[in-house]
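Note that this note's numbering has the sequence shown beginning at 411, numbered continuously upward. C-beta atoms are modelled at their ideal positions from N, C-alpha and C, and glycine is treated no differently. Comments concern the structure below.
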Amino acid sequence: MKFNPSQLETNQIYKLLSGSVVPRPIAWVSTISNDGILNLAPYSFFTVASRKPPMLCISVGPGVGERVGTVKDTLTNIRDNGEFVINIATTPLGNELQKTAEHVPAEIDEFAEAGLTAVASDLVKPMRVKEAPIQMECRLEQIIPLGSDYLVIGELIMYHIKEEFYQESYKVDLETLRPLGRLANQFSENKDFFTLPKEDLE
411 MKFNPSQLET NQIYKLLSGS VVPRPIAWVS TISNDGILNL APYSFFTVAS
461 RKPPMLCISV GPGVGERVGT VKDTLTNIRD NGEFVINIAT TPLGNELQKT
511 AEHVPAEIDE FAEAGLTAVA SDLVKPMRVK EAPIQMECRL EQIIPLGSDY
561 LVIGELIMYH IKEEFYQESY KVDLETLRPL GRLANQFSEN KDFFTLPKED
611 LE
């Protein structure tokens, strides 16, 4: 089978892409509004954009069932304040993460709504998720409109990791981390790590 994206609806090509580009890491993005309301939302279009200076990027667009062109609270807050935090979600935090994916009014504190603890950042105004093992404070570099979405690029200016997840020589203990990944509309725990080549891959 083959599909021409120009002949498909947005949601149809999205389903094919989100089921093919897997597993995807999840950026649990915390921001703050001009009125001081805390916002927290997960984004699985997320990756490293640069090593020097270190930069991370997320793609923000309308959610399933939302009108194309809808502006997310996350994007509004980043535009207004130029700062955000990327928290790394783990399998034990999956239910709380899913709670923050729900559509709620902008005046709702999504940390409180999900039963999470907000802790102050060192260099930015948005709060960090205390329960998350890794939190990365970012300052906005640029926002690039791309079709129906916006690519948000931020420079990493402070990195936090809980001691039990840190290995010497600046490595993360992935077995302990139990990072949560996104596959289409499902989730997976990244585990059973191995190096290549491996004889018994089948």
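I believe TYR453 touches VAL439 by the beta-carbon criterion, under 8 Å. Please report the beta-carbon distance rounded to the nearest angstrom. Taking 8 Å as the upper bound for CB-CB distance, TYR453 and VAL439 are in contact here, some 6 Å apart.
Between the region 538-556 and the region 495-504, can you find at least three pairs of beta-carbon atoms closer than 8 Å? Touching, yes.
Less than 8 Å between the beta carbons of VAL495 and PRO555, yes or no? No; because the gap between Cβ atoms is not below 8 Å, this pair is not in contact.
Would ALA451 be called buried (16 or more neighbouring beta carbons within 10 Å of its own) or exposed? Classified as buried, ALA451 has 16 or more neighbouring CB atoms from the shown chains inside 10 Å of its CB.
Between which residues of its own chain and HIS570 is the CB-CB distance below 6 Å, once the five residues before and five after are set aside? Answer for HIS570: GLN545, listed in chain order.
Go ahead and pull the three-state DSSP assignment for GLU547. GLU547 falls in the strand class under three-state DSSP.
Give the list of continuous alpha helix (DSSP H) stretches no shorter than 4 residues that lie fully inside the region 481-510. Those alpha helix (DSSP H) runs which fall completely within the region 481-510 and span 4+ residues are 483-491 and 504-510.
Could you tell me if THR510 is buried or exposed, where buried requires 16 or more neighbouring beta carbons within 10 angstroms of its beta carbon? Under this definition THR510 is a buried residue.
Over the uninterrupted alpha helix (DSSP H) stretch that includes GLY429, give me the two end residues. In the DSSP assignment, GLY429 falls within the alpha helix (DSSP H) that extends over 420-430.
If I measure Cβ to Cβ from SER598 and keep anything under 6 Å in the same chain, skipping five residues before and after, which residues do I get? For SER598, where only same-chain residues beyond five positions count, the Cβ hits under 6 Å are PRO433 and GLY591.
Are the beta-carbon atoms of VAL514 and GLU523 separated by less than 8 Å? In contact: VAL514 and GLU523 (Cβ atoms closer than 8 Å).
Tell me whether LEU590 sits in a helix, a strand or coil according to DSSP, three-state version. Note: LEU590 maps to strand in three-state DSSP.
Where GLU574 falls: helix, strand or coil (DSSP): Three-state result, GLU574: helix.
Pull up the distance between the alpha-carbon of LEU550 and that of GLU585, whole angstroms please. Distance between LEU550 and GLU585, taken at the CA atoms: about 31 Å.
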